[in-house]
Every structure is written in C-alpha cells, then in structure tokens.
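*Asks:* Residue numbers (our numbering): 553 to 713.
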C-alpha cells in the first residue's frame, strides 16, 4: 500500500497526507460497495502485490462526484485541488466548466479570515503586521486563482461550442 500512498501524495500534494488509519478503512468501504476491485500479483520480494482498480460502477460514481461536487469540495482549497486532479476524467468540457464556475462564484463572494462588526477586514485595516500578511497573501492567491478560472472556463466554453 505504500505505492498507493505515494500515488495519492503525488496527486494531492503534501498538505494533507493520507494515514493508514484513513486509507485502509476507505479501501474496504469502496471494495464492499463494489466501487473497487482487487487482485494480487507477484511482488518485488516474497510478499504479493495488492492491485486495486475502479470497477465500472466505481468509474460511474467517480464521474457523478466530479459532475456534482459537494459544497465543501468547492469551498475548501485542498479538496478543490483534489477535485481538479481528477476533473480531466470528465469528457465534456461544458461539465468541466460548470465545476470551475462554481468555484469562481464562491471566490467572488466577499470573504476574509477576520471580521469586524460583521464586515470583512481588509489587509490595509488589519491593524497587525501578521494578519495583514495573511490577508495580502490570500488576496494575491485569490486574484491569481480567479484569473486562471476565468481563462480555463473560456477555453472549455470554446471547446464545448
């Protein structure tokens, strides 16, 4: 399973490593639901290698989840990045663009790490060097992401036409 953990890490990055305590129960749930299939092959040493693959039912479920991501998969940066890692598996550029539009809509709503009297605090009014830094970095990141989303939606929309 260390090879699987490495592949997951390569897809999702270093931000949220997958623990054995989460991975094995998830695999067992997917196997029990008929979403994964497993078989053994000869391993490098004496231990057999366990190979997992999506079933047709699993692939169909993946496509449903990609077309209709949960709200948290749109609003949480790490979860959204995981979604992006697989979004290419949707064949329809219009469906891909729909997912990106949801993220863009979310990012265009006023938000902040900090609020004062119910209003988002801007970097210039943070009153603290470190909070200002957080807000400035978040602003720059948000601008870059919104720009990329608009560009990607344009590319996908032209491909869908």
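Here a beta-carbon is modelled for each residue, glycine too, at the ideal position from N, C-alpha and C.
#1: What is the DSSP secondary structure of residue 660, reduced to helix, strand or coil?
#2: By DSSP, does residue 758 sit in helix, in strand, or in coil?
#3: Quick check: what's the CA-CA separation for residue 673 versus residue 690?
#4: With DSSP collapsed to three states, give me the class of residue 555.
#5: Evaluate contact between the segment 620 to 639 and the segment 649 to 668, counting only Cβ atoms and requiring at least three cross-stretch pairs below 8 Å.
#6: Taking a contact to mean a Cβ-Cβ separation below 9 Å, would you say residue 688 touches residue 704 in this structure?
*Replies:* So, from the listed chains and residues:
#1: coil
#2: For residue 758 there is no data in the structure shown, the boundaries of the chain being 553 and 713.
#3: 12 Å
#4: helix
#5: yes
#6: no
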